[in-house]
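Each residue of the sequence shown is one higher than the one before, starting from 1 at the first, in full-length UniProt numbering.
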Amino acid sequence: MIEIPSDLHKDLVPLAFLLGDWAGAGVHDFPGSEKCNFGQEVSFSHDGRDFLEYRSHSWVLDKDGNKVRPLESEHGFWRIDAARKVEVTMTRDDGVIEIWYGELADKKPQIDLVTDAVARTAASQPYTGGKRLYGYVKSDLMWVGEKQTPEVELRPYMSAHLKKVVTPEEVERWAKALPDDMPDDGIAFFK
Numbered sequence: 001m002i003e004i005p006s007d008l009h010k011d012l013v014p015l016a017f018l019l020g021d022w023a024g025a026g027v028h029d030f031p032g033s034e035k036c037n038f039g040q041e042v043s044f045s046h047d048g049r050d051f052l053e054y055r056s057h058s059w060v061l062d063k064d065g066n067k068v069r070p071l072e073s074e075h076g077f078w079r080i081d082a083a084r085k086v087e088v089t090m091t092r093d094d095g096v097i098e099i100w101y102g103e104l105a106d107k108k109p110q111i112d113l114v115t116d117a118v119a120r121t122a123a124s125q126p127y128t129g130g131k132r133l134y135g136y137v138k139s140d141l142m143w144v145g146e147k148q149t150p151e152v153e154l155r156p157y158m159s160a161h162l163k164k165v166v167t168p169e170e171v172e173r174w175a176k177a178l179p180d181d182m183p184d185d186g187i188a189f190f191k
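Laid out in structure tokens, this is it:
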């Protein structure tokens, strides 16, 4: 269910499907790096201004799904204009800062992004740019990232399937909003 907070800046309404905390797992595979499954937590929040704040933390998972060590962390800000053009500024823990541009698809919650500018510290690994695709599919957030380096052409390197994290307070609010005339046994509701 997509909720639009009353204090969300009006320009951000098309991005409301991103809001909230998400958690899930995915696959990481890029030449020169360890191929692995990873866990991820993502948060999109707002404070009433004309941007969404984005945070992502991922970690390597072992074969049993246990956390092994951190993989990547990102922090950024997402904006959208009246023409559905999306811009993202992002800082990564590995010393990379990126500017991404893209657009929100017409009539569906899907965002395609491409790097426009990349800045790297001396300690960061070689990286020249990337692409990302985010989609809201059956109440889940899915994404795939591509990247390129001077040695490796643009190719997929990470993808994940994330589920919305629901707090007990949200469940209580939803329960209070149910109509008073709900069937008692739960089964009659489906007849």
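For glycine and all other residues, C-beta sits at the position ideal for the given N, C-alpha and C.
Hey, how far is the Cα of residue 168 from the Cα of residue 6? Their Cα atoms are separated by approximately 21 Å.
Quick one: what does DSSP say residue 44 is sitting in, helix, strand or coil? Three-state result, residue 44: strand.
So, at 6 Å on beta carbons, what are the nonlocal neighbours of residue 70 in its own chain, with the 5 sequence-adjacent residues on each side left out? 59
Figure out for me which residue from 51, 126, 138 has the closest Cα to the Cα of residue 88. 51
Could you tell me whether the Cβ atoms of residue 139 and residue 164 are closer together than 8 Å? Closer than 8 Å, so yes.
Taking residue 119 as part of the beta strand (DSSP E), name the residues at either end of that continuous run. 110 to 120
Need the endpoints of the beta strand (DSSP E) that residue 198 sits in, please. Missing from the structure shown is residue 198; the chain here goes from 1 to 191 and no further.
Segment limits, beta strand (DSSP E) that includes residue 86: 85 to 92
With a threshold of 16 other CB atoms inside 10 Å of the CB of residue 130, please say whether the residue is buried or exposed. buried
By DSSP, does residue 152 sit in helix, in strand, or in coil? coil
Roughly how many angstroms separate the alpha carbons of residue 141 and residue 121, rounded to a whole number? 31 Å
Own chain residues within Cβ distance below 6 Å of residue 133, not counting five before or after: Around residue 133: 112, 144.
Near residue 147, what residues of its chain come up, given a Cβ to Cβ distance below 6 Å and the 5 sequence neighbours on each side ignored? 130, 157
Is the stretch 9 to 17 in contact with the stretch 26 to 36, if contact means three or more CB pairs nearer than 8 Å? no
Let's see if you can read the secondary structure: which residues bound the beta strand (DSSP E) around residue 67? Looking at the DSSP string, the run of the beta strand (DSSP E) that includes residue 67 is 67 to 80.
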